[in-house]
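If you read the sequences in order, they're chains A and B. For the first sequence, counting from 1, position 586 maps to 586 in our numbering; every step adds exactly one. Position in the second sequence (first residue = 1) + 1000 = our numbering. We treat Cβ as the ideally placed atom computed from N, Cα and C, and that holds for glycine.
2 protein chains.
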Amino acid sequence: MQWTKVLGLGLGAAALLGLGIILGHFAIPKKANSPAPQDLDLEILETVMGQLDANRIRENLRELSREPHLASSPRDEDLVQLLLQRWKDPESGLDSAGASTYEVLLSFPSQEQPNVVDIVGPTGGIIHSCHRTEENVTGEQGGPDVVQPYAAYAPSGTPQGLLVYANRGAEEDFKELQTQGIKLEGTIALTRYGGVGRGAKAVNAAKHGVAGVLVYTDPADINDGLSSPDETFPNSWYLPPSGVERGSYYEYFGDPLTPYLPAVPSSFRVDLANVSGFPPIPTQPIVCALGCPVNVSVYNRLELRNSSNVLGIIRGAVEPDRYVLYGNHRDSWVHGAVDPSSGTAVLLELSRVLGTLLKKGTWRPRRSIVFASWGAEEFGLIGSTEFTEEFFNKLQERTVAYINVDISVFANATLRVQGTPPVQTVVFSATKEIRSPGPGDLSIYDNWIRYFNRSSPVYGLVPSLGSLGAGSDYAPFIHFLGISSMDIAYTYDRSKTSARIYPTYHTAFDTFDYVDKFLDPGFSSHQAVARTAGSVILRLSDSFFLPLKVSDYSETLRSFLQAAQQDLGALLEQHSISLGPLVNAVEKFEAEAAALGQRISTLQKGSPDPLQVRMLNDQLMLLERTFLNPRAFPEERYYSHVLWAPRTGSVVTFPGLSNACSRARDTASGSEAWAEVQRQLSIVVTALEGAAATLRPVADL
Amino acid sequence: MQWTKVLGLGLGAAALLGLGIILGHFAIPKKANSPAPQDLDLEILETVMGQLDANRIRENLRELSREPHLASSPRDEDLVQLLLQRWKDPESGLDSAGASTYEVLLSFPSQEQPNVVDIVGPTGGIIHSCHRTEENVTGEQGGPDVVQPYAAYAPSGTPQGLLVYANRGAEEDFKELQTQGIKLEGTIALTRYGGVGRGAKAVNAAKHGVAGVLVYTDPADINDGLSSPDETFPNSWYLPPSGVERGSYYEYFGDPLTPYLPAVPSSFRVDLANVSGFPPIPTQPIVCALGCPVNVSVYNRLELRNSSNVLGIIRGAVEPDRYVLYGNHRDSWVHGAVDPSSGTAVLLELSRVLGTLLKKGTWRPRRSIVFASWGAEEFGLIGSTEFTEEFFNKLQERTVAYINVDISVFANATLRVQGTPPVQTVVFSATKEIRSPGPGDLSIYDNWIRYFNRSSPVYGLVPSLGSLGAGSDYAPFIHFLGISSMDIAYTYDRSKTSARIYPTYHTAFDTFDYVDKFLDPGFSSHQAVARTAGSVILRLSDSFFLPLKVSDYSETLRSFLQAAQQDLGALLEQHSISLGPLVNAVEKFEAEAAALGQRISTLQKGSPDPLQVRMLNDQLMLLERTFLNPRAFPEERYYSHVLWAPRTGSVVTFPGLSNACSRARDTASGSEAWAEVQRQLSIVVTALEGAAATLRPVADL
């Protein structure tokens, strides 16, 4: 009988075990069947913030600015190699990196025949010559690689004529001279930097028969009036009296010979005779006490040169086909310690810190992060523009945002951000969590809001973001590709100076010591920019829900609408043009954006499917694209964004409408100019309605 | 002691149970943690194929063609209601449906003053008048809603002049007349349909000083030469002797007053005086035995009319933001039984079958299916074009493919498909599984390949797809939005007839009885088209991996390249233009497309993550977009696709290149025309390189 008992016990035990197994497998739900979707990890963020080192940035800058690195120069090429080396480093590099070379048209003065400006005496002899170079006050302004101050792309020529002072060389300035009865034909116009773009001065002058243009820097504009050697660099932040600003005088951006095509060797190149956008008359920036008459001799040369971009990528772990793009240009006019190497130094430190975490296996971002070092920016955003022409579709379809850090520190008082509304929220989030340099315990955000603020109907008092023009490499991304973009830097306390820009801008005095002594001793502002940019990058690349807030566009649209109603409403009514459809379109956008925001909040409370969130993120990423219209501004080059195209009209509203009204204002009803006003209005209405349509629940038509 | 035994047994039992539970929960992996991703269900496909009913299609057609339904007429509006009713049916309707109305410029003859063409005698008196209407042979050709034959958009006027016969009204025809010494100034040109587009005949004529154009249908072109009443409808398939083809004579497509803008009430409208694309001289289609001189009196009127599209949607279950779009136009010239109601009848049956499965809860597609009924196609693809202008971004970002079925049955011999290469594979898959109408046991595919075939270097003998011009509503989708598209219909056995098109095309003889007796008795070809379209829709909407095969573009590119090398290579070399970069670009595309195909195959063998497949599907869906360039053809309206824009050059290669070479051929080296050749070549190279870049692994730059 023992064996039946044993058998019985055995069977019972097996049955219990089996029952347990069955219960355990089927009846008790597994906690999380799929792992939680990859999301922003605050510990990683903390680590990155802590790792970004001010002293390493300083040492980066020292190396980068050690020698002049003009676009396509041998030293510029050396820096390409430096970047590749750092980005391929086995311990702190990226997944992969490579250089990509374009053949672009640049412009240089002649080494054999320097540009000269001479004052001519009554007998025709030279009584005074302007300095051809800046004074060698620190030992770094001499040397064959310090390019003479010149106006890039200005044509060669040797005009001689009476000197006329034309203020900033704006159209009004020349009109004013005409009104005063001054004969402009054949004169040399002396203008000062500022007010209008460099190239525009020459264009305006030539229209009035002027034969040559000189441009100088007025100490009042740049130096708070100071000019003696004691009061200026190397003794202070200010520009020495011999300082001259270089720059590109080309009207557009991108390689001049290959509009809309990448400047690869095989691309069609426009005939030099047919290139538009070059200054029409010899132009030369100077510093000089002038009398007249004046000989101007410009011997600039156009040259086809190789210019490289360097690109490196950290591949996204989950959504590798979504790119967070971070760019800085590499080329300078001379030493370029501020412009652009203060930004390159930050770029190197950011990529080092992120690359180190990557190589250690600690972290891989959800989305891909692409680092870009652009070439030939100083000549007209050339490297970045050619890149967008070459990879137009790929970038437009996949880029979440473009972050530009050109100059990282103009001055060390406060953060300054330019960008489109959807990026506002991620910048606010980032800066609230980072300590501001300087005394006290403020966040970057709390310091920032004291310098740049606005009263938002939605948020109350917040820091204000500037808008994006064409001042740096974000231009092709926002205007040509319609990618939400931003530019980040530290900048001045405007109550302390009225300098138009940091005084040694584009001069041979923009050196490491200048930065180290007068701009950001300790490099804590450089570090603040690195942390801000790093935090923004991580939030964009790692957050499950993309931190782009499209409903923040509603404020902009509402503000543009109100300006149009207030300042153009009566005029439009006189011409039987109603703003009603625009009102409707703005309201529709506001409503759809708000509703989408609600849907996002609801989703965020649950455990949404990654595919669902992906679909939503696509709506957010692609919203900026809906404002592009390549047929809106046929007379412009690249500009296609109906909210941010250049505005020449005075009313701060939709640029197409503002500009068209400005042109039509004094014309008769029914003129072509008034038809263009209607067309521009319809273009905006269609864009806003189309934008709203993309924000609707995706399966609603 | 019993209780210790009981206790011991109890504890042991609990331990065993607990152990079992632990083992079952943790040690045994759950089989499929997430449910299998939604994929094409062959049973659903079978069901749909079986449900599509030829007789229901027939009854649909009877109702649709019962009365004339000219765009914007009351009957056209009735049909809008009919569609809405069907699509909102609780048992067989869609998720939602609505109509969307535009205000568009159409053109009609005057009811009070019909267009007339008279032959004038020597004294100026009318000796013979052409018939103003077609003969009422079935009782359906009379009635006030049968619009008189006319040339839509031709201007009013009453030219009188000597008649000149100008064949097809092509440029060569007028040149030939000039060569013969015939004085064209002030004449009336008699032309026949075919050869060149309708509007082009008037444009060409006007260039030579012709005062008015008449267009007739040559029985040789339409009727295999037959013309007596006994040999023609209602006794046969052929056009009765009084038949006249109506049509739009507008050069472009879309509403003429709102290019690139949707024709909503508030949109900017071009001044009538500034509209381009209307025929410049009075034009009238006729049937007449003519002598000369001839009075032509055209009293057409331009009118702003409301035209509706009807849209209905079945929301996707998994990827609702991916649209499979299926369209057919609703408006006709008269009864339109073939054009377009043969297609509308199919549309209604397809949406009924799919709607029924939906409402029963049997099925919901993975992606969204959108059904569209377009208005005012006959006047120039207006409804579909306005739709693409209104929702440009939304459609471009989300539409997987556009399927057009305008006329579903031209004749009942074989399938005919036009489309871009990526859709070839899904059409092949669909048609291999559907039985062909007619005797025998052939599949549609096996019947099709006997009529239209080509020798593919990759596949061997396969059915050939035609390319997409601007003949129907696919035009804005492929040319303006860059969405992979197709047009499906049944068509003629060309060994049996050389009719340019089914003989009663655009006449009052295109009636239900015509279809029922002579085109497709039994409606089995209608059913075959419905099944083909239905299967394609389901495969596109339900397959986990999108059945768009981008590597099938390689053959097209290779073929275009070879034609360029053979027929243009020498000419280009003479002008120092190398095709090398084009060769490289084609090879790069081929390589990347092939590699992508490999990656897909590998993925398909495993259980890939839906997000991974989504990223891949995005690459496939968006490939067609990479061939769009809105700046490639500035003189064209909407055309932006660098592979399929209109080709006027004789060499069958990239149209921009073919056309530019044609224009440059007889000009000197260095001319603007040769610069344009280079520009067009670079445009293609850039597009192909850009396309290849989007096919690379997504995290490779």
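What does the alpha-carbon distance come out to for the pair residue i and residue j?
| i | j | result |
| --- | --- | --- |
| A1413(B) | A1530(B) | 15 Å |
| P234(A) | H506(A) | 16 Å |
| L1311(B) | D1076(B) | 15 Å |
| R198(A) | G247(A) | 8 Å |
| Y492(A) | T344(A) | 20 Å |
| T686(A) | E1555(B) | 39 Å |
| A499(A) | G1469(B) | 60 Å |
| G1380(B) | I1286(B) | 21 Å |
Taking 8 Å as the threshold (beta carbon to beta carbon), is residue i in contact with chain B?
| i | result |
| --- | --- |
| E624(A) | no |
| L304(A) | no |
| L16(A) | yes |
| Q678(A) | yes |
| G316(A) | yes |
| S484(A) | no |
| K31(A) | Low confidence applies to K31(A): its pLDDT is 49, below 50, so where it sits in the model is not reliable, and the reading given next is rough at best. By this cut-off, K31(A) is not an interface position. |
| Y165(A) | no |
| D339(A) | no |
| Y260(A) | yes |
Comparing the C-beta of residue i with each C-beta of chain A, is any distance below 8 Å?
| i | result |
| --- | --- |
| S1266(B) | yes |
| N1393(B) | yes |
| Y1102(B) | no |
| A1036(B) | no |
| R1366(B) | no |
| R1168(B) | no |
| V1642(B) | no |
| S1092(B) | no |
| M1049(B) | no |
Specify the secondary structure class of residue i as computed by DSSP and reduced to three states.
| i | result |
| --- | --- |
| T1138(B) | coil |
| L45(A) | helix |
| S613(A) | Looking at the sequence itself, residue 613(A) is Val, so the reference to Ser does not match. The answer is helix: DSSP assigns V613(A) an H, G or I state. |
| D1618(B) | helix |
| P1421(B) | helix |
| F1108(B) | strand |
| E1319(B) | strand |
| D487(A) | strand |
| V275(A) | coil |
| T1602(B) | helix |
| S1554(B) | helix |
| D1118(B) | strand |
| S1129(B) | strand |
| N1300(B) | coil |
Which term fits residue i, buried or exposed, when burial requires 16 or more other beta carbons within 10 angstroms of its beta carbon?
| i | result |
| --- | --- |
| S332(A) | buried |
| Y1474(B) | buried |
| T158(A) | exposed |
| A585(A) | buried |
| E1112(B) | exposed |
| E636(A) | exposed |
List, from N- to C-terminal side, the beta strand (DSSP E) runs of 3 residues or more that fit wholly inside the stretch 1649 to 1700 of chain B.
none
Which complete beta strand (DSSP E) runs does the stretch 48 to 88 of chain A hold, if anything under 3 residues is left out?
none
Enumerated in chain order, which unbroken segments of the alpha helix (DSSP H) with a length of 4 residues or greater are wholly contained in the stretch 1454 to 1542 of chain B?
1524 to 1542
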